[in-house]
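Residue numbers (the working numbering): 8 to 162.
Below you can see the structure in the form of structure tokens.
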């Protein structure tokens with residue numbers, strides 16, 4: 008049985024947590040970030056409680072804290088993600104939501120795509136896969152790529 012995390016905007020009272028630093032008023036703590044699903048994140052951005060750039064910063068901070076233990080992110084695109092968030096993302100249903108691509112099947116133009124295979128380590132697609140185009144149209148902000156076993160769908 009799946010349990011959906013309930014979005015509760017009342018926890019965003021950062022101005023009381025950081026009274027001497029109002030510029031941190033919209034920053035999410037790691038616990039707050041972990042309590043949100045993608046719809047909750049999108050709702051915060053759509054309502055103006057957080058900007059896409061602030062949400063991106065929270066995601067990057069969480070990734071930097073967790074990735075050393077799990078070694079999931081193999082390619083960080085943090086700077087590009089921050090630039091996209093600042094410049095503006097499509098206002099789709101997931102506008103501003105941080106997102107990681109699996110390094111299999113989700114070819115992202117200009118970014119190495121190996122499918123987990125050393126044989127493909129120099130392959131850099133020149134255009135986005137249809138799935139990546141659809142995710143971007145939905146407003147997600149791609150932060151990087153995650154590891155995958157070598158050619159996972161091959162016998």
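Note that CB positions come from ideal geometry on N, CA and C, so glycine has one too. Quick caveat: nothing in here was measured; it's all calculated off a predicted structure.
The DSSP assignment places 85-94 as complete runs of the alpha helix (DSSP H) inside the segment 76-141, in order along the chain (cut-off: 4 residues).
In the structure shown, the three-state DSSP call for residue 38 is helix. In its chain, beyond the 5 residues on either side, 63, 148, 150 have a beta carbon closer than 6 Å to the beta carbon of residue 88. Secondary structure of residue 57 (DSSP, three-state): coil. By the C-beta density criterion, residue 61 is buried, having at least 16 other C-beta atoms within 10 angstroms. Nearest neighbour of residue 152 by Cα position, chosen from 93, 117, 141, 146, turns out to be 117. The Cβ-Cβ distance between residue 110 and residue 102 does not fall below 9 Å. Residue pairing for residue 74: DSSP places it in no beta bridge. Residue 120 is classed as buried because its beta carbon has at least 16 other beta carbons within 10 Å across all chains shown. In the three-state scheme derived from DSSP, where H, G and I count as helix and E and B as strand, residue 46 is classed as helix.
Three or more beta-carbon pairs drawn from the segment 90-107 and the segment 39-55 are found closer than 8 Å, and the two stretches are therefore classed as touching. Excluding sequence positions up to five before and after residue 159, its CB lies within less than 7 Å of the CB of 111, 123, all in the same chain and listed in chain order. Distance from residue 113 to residue 139 at the Cβ level is roughly 5 Å; contact confirmed, criterion being Cβ atoms closer than 8 Å. For residue 153, the enclosing beta strand (DSSP E) begins and ends at 148-153. Non-local C-beta neighbours of residue 93 in its own chain, meaning closer than 6 Å and more than five positions away in sequence, comprise 60, ordered along the chain. Here DSSP, grouped into helix, strand and coil, assigns residue 145 to coil.
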